[in-house]
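J.: Residue numbers (the working numbering): 50 to 316.
1. Along the chain, where does the alpha helix (DSSP H) containing residue 174 start, and where does it finish?
2. Determine the burial state of residue 182: buried for a count of at least 16 other Cβ atoms within 10 Å of its Cβ, exposed for fewer.
3. Counting along the chain, where does the alpha helix (DSSP H) carrying residue 192 start and finish?
4. Please go through the stretch 253 to 281 and give each complete beta strand (DSSP E) segment of 3 or more residues, from N-terminal end onward.
5. Could you check if residue 160 is buried or exposed, using at least 16 other CB atoms within 10 Å of its CB as the buried criterion?
6. Just the Cα atoms here: how many angstroms apart are residue 191 and residue 162?
7. Considering only the alpha carbon of each residue, which of 286, 247 and 301 lies closest to residue 146?
8. Below 8 Å, can you find three or more Cβ-Cβ pairs linking the stretch 188 to 204 to the stretch 246 to 263?
9. Taking the alpha-carbon positions, what's the residue 98 to residue 263 distance?
10. Out of 228, 100, 232 and 164, state which residue places its alpha-carbon closest to the alpha-carbon of residue 184.
11. Just to confirm the assignment: which complete alpha helix (DSSP H) runs, minimum length 4, are found wholly within the stretch 93 to 136?
12. To which residues does DSSP link residue 303 through a beta bridge?
13. Determine the extent of the beta strand (DSSP E) in which residue 157 is found, giving its start and end residues.
14. Figure out for me which residue from 313, 275, 240 and 297 has the closest Cα to the Cα of residue 140.
15. Quick one: what's residue 310 bridged to in DSSP?
16. For residue 91, name the three-state secondary structure that DSSP assigns.
17. Run through the DSSP bridge pairs and tell me what residue 295 is partnered with.
18. Identify the continuous beta strand (DSSP E) that holds residue 207 and give its terminal residues.
19. How long is the line joining the alpha carbons of residue 155 and residue 138, rounded to whole angstroms?
20. Assign residue 228 to one of three DSSP states: helix, strand, or coil.
21. Going by DSSP, name the residue or residues bridged to residue 244.
22. DSSP three-state call for residue 235: helix, strand or coil?
23. Pick helix, strand or coil for residue 186, following the three-state DSSP scheme.
24. Report back the beta-carbon spacing between residue 195 and residue 166 to the nearest angstrom; my notes put them in contact at under 8 Å.
25. Can you tell me whether residue 96 is buried or exposed? The criterion is at least 16 other CB atoms within 10 Å of its CB, across all chains shown.
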């Protein structure tokens with residue numbers, strides 16, 4: 050029998066992640082998006098990516114879990130078998146949590162040149178800064194930048210559902226107000242080689258606020274695409290339309306929709 054974890058059930062039924070048209074139209078929503086869905090599918094570079102894409106679509110269309118090919122969790126953001134051209138020397142982490150991705154970066158690749166990270170939740174940001182401070186000598190040769198704010202398409206003060214759990218995200222019914230900043234504004238001279246983001250559904254907005262940075266540096270990308278059904282086609286299509294020469298891969302780390310990452314590398 051298939052076993053679903055709580056996070057998997059949450060992502061499939063989470064009301065914050067479902068676009069209004071999907072909630073009202075159901076299956077017809079996917080038919081209306083057929084052209085965009087097919088366009089994104091054609092962008093994927095290997096069979097594993099296409100199998101994941103198809104399985105996620107089937108899961109959301111049928112409302113029934115379709116097992117996906119999955120890779121080990123320790124490869125998340127550092128995938129074996131995908132040639133990410135730019136490397137990890139100038140690393141940007143959007144939604145840094147308590148530093149878990151940076152810990153894995155250090156374990157896999159050792160010391161890098163510079164790190165920039167963003168985390169909104171105060172208690173998580175405190176843990177993140179503590180880890181960065183205590184390990185700064187072994188993490189980066191130069192600057193480590195940590196910002197206690199959300200990354201978005203533009204500078205704004207927006208409502209946020211806090212709590213540090215699965216429901217933490219920018220949302221109109223949020224209980225606190227948070228500072229948001231775009232990557233273009235926050236890191237005008239950083240020249241990243243790698244950007245990873247898991248920002249609870251705000252990934253499309255983050256990318257809109259990073260267009261200049263992407264055009265100038267063309268970093269490798271690792272973008273979470275599981276917080277909303279339409280992200281698996283909307284995000285690769287957006288990046289493709291920037292005409293930067295990105296090649297796209299999908300990898301999954303749970304066998305279900307959760308922790309599905311879109312990798313993009315120029316060349």
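Quick reminder that beta carbons are idealized off the backbone N, C-alpha and C, glycines included.
T.: From the atom records:
1. Per DSSP, residue 174 belongs to the alpha helix (DSSP H) from 171 to 183.
2. Exposed, by the Cβ-count rule.
3. Counting along the chain, residue 192 falls outside any alpha helix (DSSP H), and DSSP gives it neither H nor E.
4. Taking only runs of at least 3 residues, the beta strand (DSSP E) segments lying wholly in the stretch 253 to 281 are 269 to 273.
5. Its Cβ having fewer than 16 others within 10 Å, residue 160 is exposed.
6. Straight-line spacing of the CA atoms in residue 191 and residue 162 works out to 6 Å.
7. Nearest to residue 146 by C-alpha distance, out of 286, 247 and 301, is 247.
8. yes
9. 23 Å
10. Comparing Cα positions, the closest option is 164.
11. If we require 4 residues or more, the alpha helix (DSSP H) runs fully inside the stretch 93 to 136 come out as 96 to 111.
12. The partner list for residue 303 (beta bridge, DSSP) is empty, contrary to what the question assumes.
13. Here residue 157 belongs to no beta strand (DSSP E); instead the alpha helix (DSSP H) covers 149 to 158.
14. When the alpha-carbon of residue 140 is set against those of 313, 275, 240 and 297, the nearest one is in 240.
15. Answer is 273 and 300, bridged to residue 310.
16. helix
17. 315
18. 205 to 210
19. Each residue's Cα considered, the two are about 11 Å apart.
20. strand
21. 141 and 270
22. helix
23. helix
24. 5 Å
25. exposed
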